[in-house]
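Visitor:
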């Protein structure tokens, strides 16, 4: 089960187990925790990050891997694409077909945008995204013992006070309504025999507010909102990641260049 090189370590663990079980580790001070994090955690190592040289976030400190991606040469050059030949024209182009992208498209429809004027572009199949892999659950302060204000404090504290307060406020205030929307569409969250939703603790929570659908919460959410998108008739371009954004003379984004991974064709999409 274990490789040979770990057997000596396992023997040490077994030999000292009884002794260690009888010892209560001393609580670390804030300074001691910071020292351990800075020594071992990659997010706290200054040499693992650098200033971004380009783009709207120029000057921001980011991991080398992110900087390498954003500072890289483009996949195509302007002369390779005829921007005058538009393959798709739409009012609203949404890049990404996961939980966030699909929800954005649905709410655009709910707010009056016609389905034929909405286009979702996604790099794989519709729904093949991070939401599909989410297992634990989704948090919302919708129980009598909880509130968005308490949820807000948990999120701010969990983010070491580096969060953007206005975004956290939006998150916690919208969350109960999103759970209600999910349930109305048919998401099968775990419930008691009485019909009350089961909530559990999540990381950094002071209240039980995490709603789950067994251990496949993201897949269940994606199943339902994808069906809603199909029932409405939203347009989806699968296997077509956006590789470049198109801007006008003022710098405003007005479309994107997509790459069809199946046909290896480039598509120019114009959007309002």
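Residue numbers (my numbering): 65 to 336. Heads up, the beta-carbon is just placed ideally off N, CA and C, and yes, glycines get one too.
Is the separation between the beta-carbon of residue 179 and that of residue 298 shorter than 8 Å?
Guide: In the chain shown, counting from the first residue as 1, residue 179 sits at position 115. In the chain shown, counting from the first residue as 1, residue 298 sits at position 234. Their beta carbons are under 8 Å apart, which means residue 179 touches residue 298 by this criterion.
Visitor: In the DSSP assignment, find the alpha helix (DSSP H) that holds residue 220 and state where it starts and stops.
Guide: Stepping through the chain shown from its first residue, residue 220 is reached at position 156. Residue 220 -> alpha helix (DSSP H) spans 212-222.
Visitor: Look up residue 74 in the DSSP assignment and say whether it is helix, strand or coil.
Guide: Along the chain shown, read from residue 1 onward, the residue named residue 74 stands at position 10. In this structure, residue 74 counts as helix in the three-state DSSP scheme.
Visitor: So what does DSSP say about residue 258, is it helix, strand or coil?
Guide: Position 194 of the chain shown, counting from 1, holds the residue named residue 258. Residue state, collapsed to three classes: coil.
Visitor: Taking the CB atoms as reference points, tell me whether residue 169 and residue 335 lie closer together than 8 Å.
Guide: For the purposes of this step, residue 169 is taken as the residue at position 105 of the chain shown. For the purposes of this step, residue 335 is taken as the residue at position 271 of the chain shown. Not in contact: residue 169 and residue 335 (Cβ atoms no closer than 8 Å).
Visitor: Any idea what DSSP makes of residue 311, helix, strand or coil?
Guide: Within the chain shown, the letter at position 247 stands for residue 311. Strand.
Visitor: Mind reading off the beta-carbon distance from residue 228 to residue 305? Whole number of angstroms is fine, and I expect it under 8 Å.
Guide: Within the chain shown, numbered from 1, the residue matching residue 228 stands at position 164. Within the chain shown, numbered from 1, the residue matching residue 305 stands at position 241. So it is not a contact: roughly 27 Å between Cβ atoms.
Visitor: What are the boundary residues of the beta strand (DSSP E) that includes residue 324?
Guide: Walking along the chain shown from the start, residue 324 turns up at place 260. Here the beta strand (DSSP E) through residue 324 covers 317-324.
Visitor: List the whole-angstrom C-beta distance separating residue 237 from residue 212, where the pair is believed to meet the contact cut-off of C-beta under 8 Å.
Guide: Counting from 1 along the chain shown, the entry for residue 237 is found at position 173. Counting from 1 along the chain shown, the entry for residue 212 is found at position 148. Between residue 212 and residue 237 the Cβ distance is about 5 Å, and since that is below 8 Å, they are a contact.
Visitor: Which of helix, strand or coil does DSSP assign to residue 299?
Guide: Locating residue 299 in the chain shown gives position 235, counting from the first residue. Strand, per DSSP.
Visitor: Using 10 angstroms around the beta-carbon of residue 285, count the other beta-carbons present and answer buried if the total reaches 16, otherwise exposed.
Guide: Against the chain shown, residue 285 aligns to sequence position 221. The residue is buried, with at least 16 neighbouring Cβ atoms inside 10 Å.
Visitor: For the alpha helix (DSSP H) containing residue 164, name the first residue and the last one.
Guide: Against the chain shown, residue 164 aligns to sequence position 100. Note, residue 164: alpha helix (DSSP H), 163-174.
Visitor: Whether or not the stretch 309-319 and the stretch 188-199 are in contact is what I'm after, with contact meaning three or more pairs of Cβ atoms, one per stretch, closer than 8 Å; do they touch?
Guide: These segments do not touch.
Visitor: Does DSSP put residue 135 in a helix, a strand or coil?
Guide: As a working mapping, residue 135 is identified with position 71 in the chain shown. Reduced to three states, the DSSP call for residue 135 is coil.
Visitor: Between residue 66 and residue 165, what straight-line distance do the alpha-carbon atoms span, to the nearest angstrom?
Guide: If you number the chain shown from 1, residue 66 lands on position 2. If you number the chain shown from 1, residue 165 lands on position 101. Approximately 42 Å between the Cα atoms of the pair.
Visitor: Mind listing, in chain order, the continuous beta strand (DSSP E) runs of no fewer than 3 residues lying wholly within the stretch 92-151?
Guide: Here the runs fully enclosed are 113-115 and 125-127.
Visitor: Residue 116 and residue 134 look like a contact to me (Cβ under 8 Å); what is the Cβ gap, rounded to whole Å?
Guide: In the chain shown, counting from the first residue as 1, residue 116 sits at position 52. In the chain shown, counting from the first residue as 1, residue 134 sits at position 70. The pair is a contact, with the Cβ atoms about 6 Å apart (cut-off 8 Å).
Visitor: Using the rule of at least 16 other Cβ atoms within 10 Å of the residue's Cβ for burial, across every protein chain shown, is residue 92 buried or exposed?
Guide: Here residue 92 corresponds to residue number 28 of the chain shown, with the count starting at 1. Counting the other Cβ atoms within 10 Å of the Cβ of residue 92 gives fewer than 16, which makes it exposed.
Visitor: Might you give, ordered along the chain, the residues of its own chain that have their beta carbon closer than 7 Å to the beta carbon of residue 279, omitting 5 neighbours on each side?
Guide: Taking the first residue of the chain shown as 1, we reach residue 279 at position 215. Excluding residues within five positions, the ones whose Cβ falls inside 7 Å are 199.
Visitor: Who are the Cβ neighbours of residue 203 in its own chain at under 6 Å, not counting the five residues just before and after it?
Guide: Stepping through the chain shown from its first residue, residue 203 is reached at position 139. If we look at residue 203 and ignore the five residues flanking it on each side, its Cβ neighbours are 266, 273 and 274.
Visitor: State the DSSP-derived secondary structure class of residue 188, mapped to helix, strand or coil.
Guide: The count along the chain shown starts at 1 and reaches residue 188 at position 124. Coil, per DSSP.
Visitor: How many angstroms separate the CA atom of residue 75 from the CA atom of residue 126?
Guide: The count along the chain shown starts at 1 and reaches residue 75 at position 11. The count along the chain shown starts at 1 and reaches residue 126 at position 62. Cα to Cα, the separation comes out at about 41 Å.
Visitor: Tell me the residue span of the beta strand (DSSP E) that contains residue 334.
Guide: On the chain shown, position 270 is the one that residue 334 refers to. Per DSSP, residue 334 belongs to the beta strand (DSSP E) from 329-335.
Visitor: Tell me, to the nearest whole angstrom, how far the beta carbon of residue 145 is from that of residue 161; I am working on the premise that it is less than 8 Å.
Guide: In the chain shown, counting from the first residue as 1, residue 145 sits at position 81. In the chain shown, counting from the first residue as 1, residue 161 sits at position 97. Rounded, the Cβ-Cβ distance is 23 Å, inconsistent with contact.
Visitor: Considering only residues of the same chain and omitting the five flanking positions on each side of residue 329, which have a CB-CB separation below 6 Å?
Guide: As a working note, residue 329 is residue 265 in the chain shown. Once the five neighbours on either side are set aside, residue 329 has no close Cβ partner at all.
Visitor: On the DSSP bridge list, what partners appear for residue 182?
Guide: Locating residue 182 in the chain shown gives position 118, where the first residue counts as 1. Partner(s): 156.
Visitor: Using 10 angstroms around the beta-carbon of residue 301, count the other beta-carbons present and answer buried if the total reaches 16, otherwise exposed.
Guide: For the purposes of this step, residue 301 is identified with residue 237 of the chain shown, where counting begins at 1. With 16 or more Cβ atoms within 10 Å of its Cβ, residue 301 is classed as buried.
Visitor: Locate the alpha helix (DSSP H) running through residue 269, then write down its first and last residues.
Guide: Here residue 269 refers to the residue found at position 205 of the chain shown. In this chain, residue 269 is not harboured by any alpha helix (DSSP H), its DSSP state being neither H nor E.
Visitor: Ends of the alpha helix (DSSP H) at residue 234?
Guide: Position 170 of the chain shown, counted from the first residue, corresponds to residue 234. 229-249 is the span of the alpha helix (DSSP H), which, as asked, contains residue 234.
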